[in-house]
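Participant: Before I ask anything, let me first share the structure, which is written out below as structure tokens.
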């Protein structure tokens with residue numbers, strides 16, 4: 005940790021929220037590969053933006069090829085990947101942005117760290133479990149990743165050769181394998197955010 009940096013106070017979060025006319029919150033989507041996280045996150049972001057609110061989506065496309073391009077998929081690298089994303093999401097949330105993240109984030113300890121980082125600064129954190137059975141995710145497999153993992157081409161693949169630790173107390177549980185549309189899944193999350201007063 006750097007010791008030669010002086011912290012400069014800026015606007016308080018409340019002052020910023022009043023100026024921006026919206027609150028910040030991080031909506032953290034987690035689930036297996038091919039569970040529908042990114043698709044639902046896109047629909048959610050669009051729905052929030054359509055309400056005239058500022059929102060930004062963090063996912064593998066804009067994180068793995070930039071900020072975290074130096075990381076692989078070992079357990080240690082996955083941990084660091086989620087730690088960095090957590091810090092970025094917290095900054096966005098502090099700026100009163102509605103931040104939507106869609107990452108497998110397979111370990112409970114990493115998701116707990118993300119939550120604690122937010123709660124330490126009194127920033128809301130909403131965990132959303134996008135739940136599909138492994139066999140359904142394998143059937144979908146749009147990128148052929150499960151097939152490659154089964155063949156041993158991809159090592160340490162979540163759900164096959166690396167664990168996925170499902171959330172035990174997620175605020176929202178989306179069962180994305182029983183005929184639920186993308187719009188309905190996004191609306192389930194919107195309804196929760198409205199109920200809690202995170203959006204209007």
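In our numbering, the protein residues as written are 5 to 204.
Glycine residues also receive a C-beta, built at the ideal position from the N, C-alpha and C atoms.
Give the DSSP-derived three-state secondary structure of residue 179 in the structure shown.
Facilitator: strand
Participant: Can residue 134 and residue 35 be called in contact, C-beta distance under 8 Å?
Facilitator: yes
Participant: Along the chain, which unbroken stretches of the alpha helix (DSSP H) at least 4 residues long are found entirely within the stretch 28-105?
Facilitator: 41-54, 64-67, 79-98
Participant: Are the CB atoms of residue 129 and residue 32 within a distance shorter than 8 Å?
Facilitator: A contact, by the Cβ cut-off of 8 Å.
Participant: Determine the direct distance from the alpha carbon of residue 181 to that of residue 145, and round the result to whole angstroms.
Facilitator: 14 Å
Participant: List the residues that DSSP assigns as beta-bridge partners of residue 166.
Facilitator: 162
Participant: Is residue 131 helix, strand or coil when you go by DSSP?
Facilitator: strand
Participant: For residue 196, which three-state DSSP category applies?
Facilitator: Correct three-state label for residue 196: helix.
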